[in-house]
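Q:
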DNA sequence: CGTCATTTGGATGTATACAAGTATATCTCA
DNA sequence: TGAGATATACTTGTATACATCCAAATGACG
């Protein structure tokens, strides 16, 4: 792919986002730029950039007293699944209509990886391949608007996806569902791709909400 | 409501976002931090913050040679309406279920304003009241996830909304539709609110896509 | 002892200085 | 005249210094 510059600010953003979304910080905790910069050994500038981006995503809230951790609630999870149920099928449909050969090849690669990690029961790697499959599907839909809409929603539930995929049964079923979705995309069957993806989301939702709530 | 700090960075962000979304800059044009800071009479720092936020929304793309303007295409518009058709009804439904008296009072106020500007044929103010009505509806749905998903989509088509609302016929119809949606919310009729909002989006889409494309 | 003014510490917001990379222009030399 | 190496003029990325605001601790005074 292309070799994107990975600035310190980017690294700080990803680290903070991950830490907040997996619950490493308590809700309403105040993060100050200076403490974060000392803790991470960089100046305030990249910290500021990262915090502003997190604020834009409403994962934190910037106040005169510091950046207050918001994180994500179980209500958010429910809402996110409801939203994804309504639009993620679009991604599958459009991917079936517009995916390039490269898109499909990339998804195949990721699914081979996912198969491997499923047999090995590696929840962390499974979570990563799961993320990449969905993101590749968004990209294959060739719609910036849809990508920008779905990617943030998907990233926010990373903590719950990881927990869900640590169950061997769900991990195997999720893999099978991904395979079927990709096959529908390869067959250029938009209706089937959309239907399968909706089912996939429903299953993931039931698994996660049934487990965590 | 709350007295939010309006920093220079915020102002720069809003000004740049508006200018880009209304087409004041050519696609692929390179904006440099220094030139923008000189033009606006502020230092690079707030400019940088604004550019990073615009980059996060994929309205520009930050490169080593400057910030390249991406803006929005007619394909984006089509996709955005397709997405809104699928989820904005949720906002209406949830607003009907959860709106507080204050939410409803605010929406009423905005609609009174919209009525006034409709008779006065003021497209700029109409665009603003239209924005505020939809944003209040998102807020009334009491779902952060839905608000964060819909607000960016709605903001991106500001240019087209303004053009659309400069037609007296569409302006009056849009006002009537807003009234009906609010009434459904007041009646706590989620089904009706969702149905009316879908129709509202369809009408807006047909008006905008029929006019511009 | 209580209350009010003052101070002080720490936070973000802004400006500026410095580092590093890159593409282009220029200068030199054959 | 042409080609290659050097210099230059941009850019963004990062660090730091300074301004400003606010709240809580502190101290003076009735």
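Protein chains in written order, with our numbering: chain X, 1 to 213; chain A, 1001 to 1213.
Using N, Cα and C, we set each Cβ at its ideal position, and we do this for glycine too.
(1) Name, please, each residue of chain X whose Cβ falls closer than 7 Å to the Cβ of residue 1087 (chain A).
(2) Does the Cβ of residue 1222 (chain A) have 16 or more other Cβ atoms within 10 Å, making it buried, or fewer, making it exposed?
(3) In chain A, which residues lie less than 7 Å from residue 56 (chain X) when you measure between Cβ atoms?
(4) Taking the C-alpha atoms as reference points, what is the distance between residue 1128 (chain A) and residue 172 (chain X)?
(5) Would you check if the distance between the CB atom of residue 130 (chain X) and the CB atom of residue 166 (chain X) is smaller than 8 Å?
(6) State the start and end residues of the unbroken beta strand (DSSP E) segment that holds residue 69 (chain X).
(7) Could you name the residues of chain X that residue 1187 (chain A) contacts, counting a contact when the two beta carbons are closer than 8 Å?
(8) In three-state terms, what does DSSP make of residue 1157 (chain A)?
(9) Determine whether the Cβ of residue 1213 (chain A) lies closer than 8 Å to any Cβ atom of chain X.
(10) Below 8 Å between beta carbons: does that hold for residue 1069 (chain A) and residue 1083 (chain A)?
(11) Could you run through the stretch 1019-1042 of chain A and flag, in chain order, every residue whose CB is less than 8 Å away from some CB of chain X?
(12) Use the C-beta contact count for residue 187 (chain X): other C-beta atoms within 10 angstroms, 16 or more gives buried, fewer gives exposed.
(13) In chain order, what residues of the same chain have a beta carbon less than 7 Å from the beta carbon of residue 168 (chain X), not counting five sequence neighbours either side?
(14) From the DSSP output, in three-state form, read off residue 1029 (chain A) for me.
(15) When we look at the beta-carbon of residue 1076 (chain A) and count the other beta-carbons within 10 Å, is it buried (16 or more) or exposed?
(16) Less than 8 Å between the CB atoms is what I'm expecting for residue 1031 (chain A) and residue 1067 (chain A), so what's the real figure, rounded?
(17) For residue 1170 (chain A), count neighbouring Cβ atoms within 10 angstroms of its own Cβ and tell me buried if that reaches 16, exposed if not.
(18) Does the stretch 148-161 of chain X come into contact with the stretch 1140-1158 of chain A, if we say contact requires no fewer than three beta-carbon pairs (one atom in each stretch) closer than 8 Å?
(19) My understanding is that residue 136 (chain X) touches residue 164 (chain X), with C-beta atoms under 8 Å, so please give their C-beta distance in whole angstroms.
(20) Along the stretch 134-149 of chain X, what residues have a CB closer than 7 Å to any CB found in chain A?
(21) Any C-beta of chain A sitting closer than 8 Å to the C-beta of residue 177 (chain X)?
A: Working from what's here:
(1) Within chain X, the residues whose beta carbon sits less than 7 Å from that of residue 1087 (chain A) are 83, 86, 87, listed in sequence order.
(2) As shown, chain A starts at 1001 and ends at 1213. That puts residue 1222 (chain A) outside it, with no answer to give.
(3) Contact note: residue 56 (chain X) reaches chain A through 1053, 1056, using a C-beta cutoff of 7 Å and chain order.
(4) So the alpha carbons of these two residues sit roughly 50 Å apart.
(5) Taking a C-beta distance under 8 Å as the contact criterion, residue 130 (chain X) and residue 166 (chain X) do not qualify as a contact pair.
(6) Per DSSP, the continuous beta strand (DSSP E) segment holding residue 69 (chain X) begins and ends at 66-69.
(7) By Cβ distance, chain X contributes nothing, its closest Cβ being about 22 Å from residue 1187 (chain A), past 8 Å.
(8) Here residue 1157 (chain A) sits in coil by DSSP.
(9) Note on residue 1213 (chain A): pLDDT 49, under 50, position unreliable in the model; the coordinate value appears next. Residue contact check for residue 1213 (chain A) against chain X: no CB pair falls below 8 Å.
(10) When the beta-carbon positions are compared, residue 1069 (chain A) and residue 1083 (chain A) stay at least 8 Å from each other.
(11) So the list is empty, because no residue satisfies the distance condition.
(12) Classification of residue 187 (chain X): exposed, given that the 10 Å Cβ count is below 16.
(13) Non-local C-beta neighbours of residue 168 (chain X) in its own chain, meaning closer than 7 Å and more than five positions away in sequence, comprise 121, ordered along the chain.
(14) In the three-state reduction of the DSSP assignment, residue 1029 (chain A) falls in the coil class.
(15) Using a 10 angstroms sphere on the CB of residue 1076 (chain A), the tally of other CB atoms reaches 16 or more, which defines it as buried.
(16) That belief holds up - the Cβ atoms of residue 1031 (chain A) and residue 1067 (chain A) are roughly 4 Å apart, short of 8 Å.
(17) Its Cβ being crowded by 16 or more others within 10 Å, residue 1170 (chain A) is buried.
(18) The stretch 148-161 of chain X makes contact with the stretch 1140-1158 of chain A: 3 or more CB pairs, one atom from each, lie closer than 8 Å.
(19) Not really, about 20 Å apart at Cβ, beyond 8 Å.
(20) Going along the stretch 134-149 of chain X in chain order, one finds 143, 144, 145, 146, 148, 149 with a Cβ nearer than 7 Å to chain A.
(21) So no, residue 177 (chain X) is outside the interface.
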